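S.K.: If you read the sequences in order, they're chains D and B.
The working numbering applies: residue 1 is where the first sequence begins, and numbers increase by one.
The working numbering applies: residue 1001 is where the second sequence begins, and numbers increase by one.
Here a beta-carbon is modelled for each residue, glycine too, at the ideal position from N, C-alpha and C.
From a predicted model like this one, the values you see are computed outputs, not experimental measurements.
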Amino acid sequence: MNAMHDVVVVGAGCAGMRAAIEAFDTGANVGVVSKLHPTRSHSGAAEGGINAALGNAAEDSPEKHAFDTVKGSDYLGDQDAIEILTNEAPGDIYQLEHWGCVFSRNDEGKLAQRPFGAAGSPRTVYSADITGHVLIHVLYEQTMKRAAQGPLRVYEEFFAWRLAIEDGRCVGVICWDLVNGGLKLVTGRSVVLATGGMGRIYRATTNAYACNGDGMAMALRAGLPLKDMEFMQFHPTTLYPSGVLITEGCRGEGGYLINRDGERFMARYAPNALELASRDVVSRSETTEIEGGRGVNGSVFLDLRHLGAERILTRLPGSRELAMTFAGVDPIYDPIPVRPGAHYHMGGVATDNWGATEVEGLYAAGEVACVSVHGANRLGGNSLMETITFGRRAGQAAAEHALATTPGAVSEAPLADAERDLRALLDRKDGERPWKIRDELGASMLENFGVFRYGERMEKQLGIINGLRERYENVVVEDKGDVFNTDLTGAIELGYMLDLAWAMVQAGIAREESRGAHSRPADFPDRDDERFLKHSITRWTDDGPELSDQEVRMTKWQPEVRSY
Amino acid sequence: MQVALKIWRFDAQKGERALKEYEIDAPGEATLLDCLDIVKDRVDGTLAYRKSCRMMICGSCGMRMDGAAVLACKTRMYEIAEAGHVPVISAMGNLPIVKDLVVDMEPFWGKIRAVSPWLEPGYVDPGEKEHVVAQTRMDVIHKESLCIMCGCCVSECNSMESDPDFLGPAALAKGMRFVGDPRDQATVERLQSYSGEHGIWDCTRCYFCQERCPKGVDPRDAIAKLGAEAMREGIDSDMGAKHAKWFVTSAKTTGWLRETELVPKTQGIAKSMKEVKFAMGLLKKGKVPPPFPPHVAKHVEEARALYDLVKHDGEQGAAGIVQGEKALGRLEHHDDGGEAAERGPYGPGSFVKPYLPGEEESAREV
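#1: If you check the beta carbons only, do B:I1200 and B:L1146 fall under 9 Å apart?
#2: Note down, in chain order, every chain B residue with its Cβ under 7 Å from the Cβ of D:P241.
#3: When the Cα atoms are used, what is the spatial distance from B:A1228 to B:K1143?
#4: Is B:D1163 close to chain D, meaning its C-beta is less than 9 Å from at least one C-beta of that chain?
#5: For B:L1331, which three-state DSSP category applies?
#6: According to DSSP, simplified to helix, strand and coil, what is D:E551?
#7: Less than 6 Å between C-beta atoms, sequence neighbours within five positions excluded: which residues of the same chain meet that for D:V154?
#8: Alpha helix (DSSP H) containing D:E400: first to last residue?
#9: Let me make sure I understand the geometry here. Which of D:V338, D:A503, D:K534 and D:Y496 has the alpha-carbon closest to that of D:S514?
#10: For D:D177 and D:P236, what's the separation of their Cα atoms in angstroms?
#11: Given this structure, state the Cα-to-Cα distance separating B:V1352 from D:G380, to the nearest angstrom.
#12: Compare the C-beta of B:E1259 with all C-beta atoms of chain D and state if any pair is closer than 9 Å.
#13: Using 8 Å as the Cβ pair cut-off and three pairs as the minimum, do the stretch 1019-1027 of chain B and the stretch 1051-1061 of chain B touch?
#14: Mind listing, in chain order, the continuous alpha helix (DSSP H) runs of no fewer than 4 residues lying wholly within the stretch 186-249 of chain D?
#15: Excluding the 5 residues flanking D:M1 on each side, which residues of the same chain have their C-beta closer than 6 Å to its C-beta?
#16: Name, please, each residue of chain D whose Cβ falls closer than 7 Å to the Cβ of B:I1024.
#17: Let's test the definition: count the other Cβ atoms within 10 Å of the Cβ of D:R378 and tell me whether it reaches 16, buried, or not, exposed.
#18: What in chain D is Cβ-close to B:W1118, meaning under 8 Å?
#19: Can you list, in chain order, the residues of its chain with a C-beta nearer than 8 Å to that of B:H1334? Leave out the 5 residues immediately preceding and following it.
#20: Compute the distance between the beta-carbons of D:H306 and D:E360, then report whether it is under 9 Å.
#21: Taking 7 Å as the limit between beta carbons, can you name the residues of its chain near D:S73, skipping five residues before and five after?
#22: Mind listing the chain B neighbours of D:G109? Cutoff is C-beta to C-beta under 7 Å, in chain order.
#23: Rounded to a whole number of angstroms, what is the C-alpha to C-alpha distance between D:P407 and D:G213?
#24: Which bits of chain B does D:I258 rub up against, with CB to CB less than 7 Å?
#25: So who's on the other strand from B:Y1355, going by DSSP bridges?
#26: Just to check, is the beta-carbon of D:P525 closer than 8 Å to a non-hydrogen atom of the ligand MG?
#27: Which runs of the alpha helix (DSSP H), 4 residues or longer, sit entirely within the stretch 10-72 of chain D?
#28: Within 9 Å of any Cβ in chain B, is that where the Cβ of D:I290 sits?
#29: Got a sec, what are the start and stop residues for the beta strand (DSSP E) B:R1064 sits in?
#30: Rounded C-beta distance between D:G341 and D:T238? I'm assuming under 8 Å.
#31: Of all the CB atoms in chain B, is at least one closer than 9 Å to the CB of D:Y333?
#32: Compile a chain-ordered list of the residues in the stretch 545-561 of chain D whose CB is closer than 9 Å to at least one CB of chain B.
#33: Quick one: which residues of the stretch 45-68 of chain D get their C-beta closer than 7 Å to a C-beta of chain B? List them in chain order.
#34: Return the first residue and the last residue of the alpha helix (DSSP H) that B:K1265 is part of.
#35: If D:V476 sits next to D:D430, beta carbons under 8 Å apart, how far is it from one beta carbon to the other, in whole angstroms?
#36: Name the chain A residues whose beta carbon is nearer than 7 Å to that of B:Q1002?
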């Protein structure tokens, strides 16, 4: 079966569904390919909120939002893109509300807004602590509504494997049908990548099992440039031991971070913002406390006790449920053990402000993309907003492109190549099972490419990755069947992660400075705007990833010393 | 810890079913999902199950443990393993099995689509900004909007087992999410649609959905609210609605259920004439009381007082049913909190009070 659409969206989280909705509303015939059912996507696990300068809680403006984002990015964000985000965010939020999104309300019945890290004003719109959940369900509702009205089809549990690129144009995506088996080519005159992040490269991560960087790796292998690969955000409050996310909203509601002595240690690192400093700053502070012996079990504590039961039950019920289920701690009575964990990747497939990539017909939006609005460090609440605003823009641009062009030639050759490679993988009988390689990758990345980075450890990690890649050549898939073969897709995902880890560490070694989430306390402790106020660009070659750089687009703000 | 599991394997291509036992070594904090991962990685790579977020929000990993639906990622194994129990893991019920623990969710989603699961904004233009709605009015659907569509309720639904076309608990809870939303303008159309055949009145009130929902959505409560709203709107022509209404009338007037009148009041005179022979048989065997004189309860005034109370509360429709709000906050862990609650957040044995660096101990206030 080869399915044909005007626009094919790969991934059905917030960015993917928002792109599909906009492409459909622009008049395109839309196919959505997703390896999970749309509501299972990891956008749904976002908790704390989504940033827009509505001014419902205090005076605010898109310009203030833009400045906070630029500063948060450690001046690596592209300022024109950031201004687009902050100017268009309020309208996008109102539209979500009109679609029925169940946001929390303030005393006047307007959308409530809470304080968040490194934000000069309370501008985070939320729904208790399940904001991603209500967003993904409202987007799925709107997707179902359109599918009932016209040509919008969702291919659930279709695992996207390779981009089909012909004569420099992206013409579709080759997928493995998880439920029925078999490779299928879903073609479109435009393709939008919205496959999300890759936190699973790390052992300690908030990310779902599905977050393996599929789209980034597909793009890299197809010759597209990836931007700012060295910047992985570590979220300061991931639950010990499971690693699941405890929202920044806990600190937005007034929660404290304390060490084993009960000291609110953030006062020593960020005397003004305290617990609400930006995530890179808080994660480094926690790591310093833990490495200095002032933690317990490699963790510090998030203390909500002073908020009282009522506030915890109404504003943070999901966080309480997570703490009780996975750590046996009721935050009403006891502090929650937390530590930094891999959470969000700032880099990704390089796009312009409409989501367009270097390849004609290929677009990207959400965590897979790098516009860049987050630069070297993302502010909490900005990524959900990015999925909506840039998902919408990419959907519109992809539809306009598709409707203005004639279908390109689609040959069967890429599908035949894919079929042959797949058979080779399935036919291999002797070799190593993938899990050990996966676990070693996760542990070593955390150890050698984590919150703090050191030259020699990064070099060592490059060697480890190369060793794992060699072992991966002989990886063996035990399940040879066609039906729901997650053993096969798991092995392919591991291949994606090995490619991306290589690109990340290489870009990290080359960036000889400390900026945002990339911190080198021993050899390059300071930001170096002279040499490194620029994006890193990674391309795949036969010899591995190759690095170059790109200017940062600036509009109003010149780099300043960044403190909180 | 050592964990043993029995897993119902199913090979769709061969149509073969087998109960297989696995023994693994897992960390003490492991969940059922962690254990399945260990089995798949190290013992048998062909095992199939769905998973993604592992934090109770994506809804992928619904399955049955010892015959009852659970989220695998939410189920901690320590106590089960320590007790030496070997749980039986199987696919969810009421849905066709694709492979092992993976079910075909399409029948589930088809029913979700059948309730028009999107906001119908009507003709009122909200303007450029948000609708202004009090939080208390949104609280009505707080619980229903927590639903993660995992299918645990549908797996356990007794009514669906006998009528596969029953809309079922998840879809009806989704329906209540819109009926209770003050921004939705299709309330009457929805209530008419949900009140038809295979709709709200086909729920048998077994409460299994309420018991097995891992998120505290309590679909049965949502169905009750839909019933209350339908009655309030005068949408009561379905047999189920008439049946319910007669129960109420009967209890109000005589304090007892008058079975002989129940059938004609529910099905109508013409249809119930066909049942006369069957009814006479029941009468002969003493299975129903003679209709005359009507059987009046000794303390009928108590039944009437109860009726007045319920009627007063019921005037608010769904808002009169207060069960379940703030569901997540109360979920499973209630308010007792055990030992921790006894000592309180700062009592003896609690974690030290937080303080700012340099703050005098005597000045430490919380």
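M.R.: The relevant details are as follows:
#1: no
#2: E1029
#3: 17 Å
#4: no
#5: At B:L1331, the pLDDT of 44 sits below 50, so the modelled position is not reliable and the matter cannot be decided from this model.
#6: strand
#7: V32
#8: N382 to A404
#9: D:K534
#10: 37 Å
#11: 29 Å
#12: no
#13: no
#14: 214-221
#15: Below a pLDDT of 50, predicted positions are generally treated as unreliable, and D:M1, at 49, falls in that range; the measurement from the model is reported next regardless. Contacts found: K184.
#16: By Cβ distance, chain D contributes nothing, its closest Cβ being about 13 Å from B:I1024, past 7 Å.
#17: buried
#18: W99, G100, E141, Q142, M144 and K145
#19: Confidence is the limiting factor: at B:H1334 the pLDDT is only 47, short of 50, which leaves the residue's position unreliable and the question unanswerable from this model.
#20: no
#21: H374, G375, A376, N377 and G516
#22: V1132, V1133 and A1134
#23: 29 Å
#24: P1354
#25: D:E263
#26: Inclusion of the ligand MG in the displayed structure is not the case, the ligand content being empty and no account of it being possible.
#27: 14-25 and 62-72
#28: no
#29: G1062 to M1065
#30: 3 Å
#31: yes
#32: none
#33: A45
#34: E1259 to Q1267
#35: 7 Å
#36: Absence of chain A from the displayed structure is noted, the protein chains being D and B.
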